[in-house]
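Just so we're on the same page, my numbering is the position in the sequence shown counted from 1, plus 33. Note that the Cβ used here is the ideal one computed from N, Cα and C, for glycine as well. To start, the structure under review is shown below, and the notes come after it.
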Amino acid sequence: MMGLLAYYRAQIKTSFAVQFQYRVSMVIWMIGLVLEPVIYLVVWTTIARSSGGEVGGFSAGDFAAYYLALMVVMHTTQIWHMWEYEWYIRGGVMSGRLLRPIHPIHQDASENIAFKFLMLIVLIPSLIVLIIVFQPTFHPPLWALAAFVPIVIAAAVLSFVTGWIVAMAAFWTTRISAINQMYFVAMFFISGQVAPLSLLPGVIQSIADALPFRWMLSFPTEVLLGRVSMHDALSGFIAQLIWIAGIVLLLRVIWGAAVRRYGAVGG
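Following this line, the structure appears as structure tokens:
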């Protein structure tokens, strides 16, 4: 265990150094992260103001709070490694990673953690400006703020291991862009990105409850805003842990099959 912690410390420091060399890429990533919620924020606040002040119990200030909170959750839970595994397999990069005495998932996890901490340099000032501009209505109880920390960490873990399972498709087909697109389209519609789930049709809400996407984005956002009861927050946290346990178990099975299936294209 101590060896693994030492690995993470070293790898995170290395990732900081590498990623800081690509400052323009960091800015582009952050523009994408900020721009998407802001677009929906503007759309929904405009709709709310033109509909007598609110839509489905959300005022303009509530929409501002929702999408700014969603921005924080999206940053904490984002994952991109499934886009890289096609190249890892086709280029033979995975051969070298498999020869190391540590599971490849730990390198991806440490890079993910380092990137998220580094991007706070851009995220925090962006949030301050957006709060001043849009004036969100944000009055969560203290218990919700405390509960948000373990819940958003669980959401980040769930997002990471689920995304890593999607990445494993590259062991069976070296063209996984379509699979990745399907994953993110599903995430887009039933995770609370396009709109708060309470505003969507009942059938969509039922589908969202049955899949892990809600627990990655919508649920931690609702907790941060104080829009769920303490009982529902606890129940949701348990649901997150169950999903994590099930997906980690599935990941272990898929990884064993993937390694047996692996044939590198490169050297």
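Tell me residue i's beta-bridge partners as DSSP assigns them.
i, result
"S92", "E87"
Excluding the 5 residues flanking residue i on each side, which residues of the same chain have their C-beta closer than 7 Å to its C-beta?
i, result
"I45", "S143, I146, A147"
"Q168", "G94, A97"
"T254", "Y99, A102, L103, V106, G225"
"T79", "none"
"A81", "E87, V88, F91, S92, A93, F96"
"W205", "R294"
"V194", "I277, I280, V281, L284"
"L74", "F96, A97, Y100, F167"
"F181", "P253, V256, L257"
"W116", "N213"
Residue i lies in the alpha helix (DSSP H); which residues open and close that run?
i, result
"Q273", "263-294"
"L156", "153-167"
"S251", "251-257"
"I237", "235-243"
"I130", "It is worth fixing the name first, because residue 130 is Arg in this sequence and not Ile. 126-131 is the extent of the alpha helix (DSSP H) around R130."
"W120", "118-123"
If I measure Cβ to Cβ from residue i and keep anything under 8 Å in the same chain, skipping five residues before and after, which residues do I get?
i, result
"G90", "S231"
"I287", "I198, M201"
"I237", "F222, I223, L230"
Measure the C-alpha to C-alpha separation of residue i and residue j and round it to an integer number of angstroms.
i, j, result
"A278", "S84", "43 Å"
"I122", "L244", "29 Å"
"V218", "L101", "21 Å"
"I223", "L250", "9 Å"
"V166", "A179", "27 Å"
"L258", "F171", "7 Å"
"Q273", "Q140", "23 Å"
"A200", "Y118", "6 Å"
"I135", "V67", "35 Å"
"A291", "I186", "28 Å"
"F221", "I280", "20 Å"
"W120", "G65", "23 Å"
"I246", "Y41", "Going by the sequence as given, residue 246 is Phe instead of Ile. Taking the straight line from one Cα to the other gives about 27 Å."
"S72", "R208", "The sequence given here places Ile at residue 72; Ser does not occur at that position. The alpha-carbon atoms of I72 and R208 are separated by roughly 31 Å."
"G196", "P174", "32 Å"
"R112", "I212", "The amino acid at residue 112 is misidentified as Arg; the sequence shows Ile. Cα-Cα distance, rounded: 15 Å."
"S192", "H114", "11 Å"
"L151", "A50", "10 Å"
"T109", "A189", "6 Å"
"G36", "A43", "11 Å"
"A297", "P137", "Residue placement at A297 is poorly supported in this model, since its pLDDT is 45, which falls under 50; the coordinates are not used for a value here."
"V159", "I61", "Residue 159 is actually Ser in this sequence, not Val. Between S159 and I61, the C-alpha separation is close to 13 Å."
"K149", "Q214", "22 Å"
"P70", "S262", "25 Å"
"I164", "G129", "46 Å"
"T47", "I161", "29 Å"
"I157", "L38", "28 Å"
Among residues of its own chain, excluding the 5 on either side of residue i, which ones have a beta-carbon nearer than 6 Å to its beta-carbon?
i, result
"I184", "P253, V256, F270"
"V155", "M63"
"M127", "Y121"
"A266", "A180, V256"
"A203", "Y118, E119, I122, I209"
"A177", "V256, G259"
For residue i, is the beta carbon positioned less than 8 Å from some heavy atom of the ligand NAD?
i, result
"I161", "The model on display carries no ligand, and the ligand NAD is accordingly not part of it."
Output the residue ranges of the alpha helix (DSSP H) runs that lie fully inside the region 183-240 and measure 4 residues or longer, sorted by chain position. 210-223
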